[in-house]
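Worksheet: one structure, shown below.
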Ligand SMILES: Nc1nc2c(c(=O)[nH]1)N[C@H]1C(S)=C(S)[C@@H](COP(=O)(O)O)O[C@H]1N2
Ligand SMILES: [Mo]
């Protein structure tokens, strides 16, 4: 605990809560503005008026379980029952079993971590998470020496997660980390944001946060954690292997095949604000670069 990371952000850096919660509407309003301005003065004044980027931002969806429409998670996530909640921890652990979320919470120490969140679609925010280190949870179950990876699964419950009635992706949503990434003190399980219990739309009751990786690695509403010696095949890698890899480390020098990763649009920076440069490992280079020493980050994207 009390781990000090290099890139300490402060309260002043945090994306205002209203913007964090209403980012879809904010972005949609920005696009409407662009539409009205046409290619007039206002549009040309915006150096970053890239139609594709706008489209990527407004059409992003960050909780496919509730649908692919941009407002779906906010509109439909309330239907999810998060109490009681059971997390199965299995595979290469000493004490596999079903752990109730309440029991987990009773064991863990909750602290605040202010982290950057950089989506693969080139937008970013600064989020004050509340949570505990994943390493502490894994220690509860006891990791066996042969384990090398951790595989995570989101709940599959189509009665409450209406997006799961459609085969947009192969359910359940799956993510994975190498064991050393999972045990890194920056890696947390978030149970709150902005000092409150985490809202359903953001992955209640418990979601992963790995701040040096693209947002899609931060799997929401986790029900299963499996220790394994096989590299897990994560959802986006399975659907679009040329675009999304296993590692998904934030890296401004490795572009997505369809857009640049050199810069990002900071939510809260103003509707027509300049894009800001994307930082290597999302600004956590000093903390995590050693995990990838000698690896070709272009190959292991
Ligand atoms: N189960 C699940 N987890 C998910 C997603 C998803 O669709 N389903 N979207 C991911 C993506 S692409 C991002 S950017 C983050 C967004 O988290 P936020 O909505 O809390 O900002 O959640 C990630 N976790
Ligand atoms: Mo994302």
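Residue numbers (the UniProt record's numbering): 1 to 301. The beta carbon of each residue, even a glycine, is placed where N, CA and C say it ideally should be. Since the model is a prediction, treat every value here as computed from it, not as a measurement.
Provide the residue span of the alpha helix (DSSP H) that contains residue 255, from first to last.
Residue 255 -> no alpha helix (DSSP H), and no H or E assigned at all.
Could you tell me whether the stretch 260-268 touches the stretch 128-147, where touching means 3 or more Cβ pairs closer than 8 angstroms?
no
Residue 235 and residue 173 look like a contact to me (Cβ under 8 angstroms); what is the Cβ gap, rounded to whole Å?
5 angstroms
Which residues in the same chain have their Cβ closer than 7 angstroms to the Cβ of residue 219, if we skip the five residues on either side of it in sequence?
152, 154, 173, 175, 207, 208
Do residue 85 and residue 223 have their CB atoms nearer than 9 angstroms?
yes
Considering only C-alpha positions, which residue in the set 111, 106, 64 is nearest to residue 186?
111
Which listed residue (296, 8, 267, 300) has its alpha carbon closest to that of residue 21:
267
Near ligand 2, which residues have their beta-carbon less than 6 angstroms from any of its heavy atoms, given in chain order?
62, 119, 120, 121, 215, 216
Taking 8 angstroms as the cut-off, does the stretch 115-128 touch the stretch 164-173 (at least 3 CB pairs, one atom from each stretch)?
no
Residue environment, residue 276, which counts as buried when at least 16 other CB atoms sit within 10 Å
exposed
For the beta strand (DSSP E) containing residue 152, name the first residue and the last one.
149-154
Any heavy atom of ligand 1 closer than 8 angstroms to the CB of residue 203?
yes
To the nearest angstrom, how far is the alpha carbon of residue 164 from that of residue 68?
10 angstroms
Assign residue 80 to one of two classes, buried (16 or more other C-beta atoms within 10 Å of its C-beta) or exposed (fewer than that).
buried
C-alpha gap between residue 252 and residue 213, whole angstroms:
12 angstroms
What residues are listed by DSSP as bridge partners for residue 302?
This structure does not reach residue 302, given that the chain is present from 1 up to 301, and the question cannot be answered.
In the DSSP output, what is residue 131 paired with across the bridge?
111, 190
Taking only the alpha-carbon atoms, compute the straight-line gap between residue 181 and residue 76 and give it to the nearest angstrom.
32 angstroms
Would you identify the three-state DSSP class for residue 125, choosing helix, strand or coil?
strand
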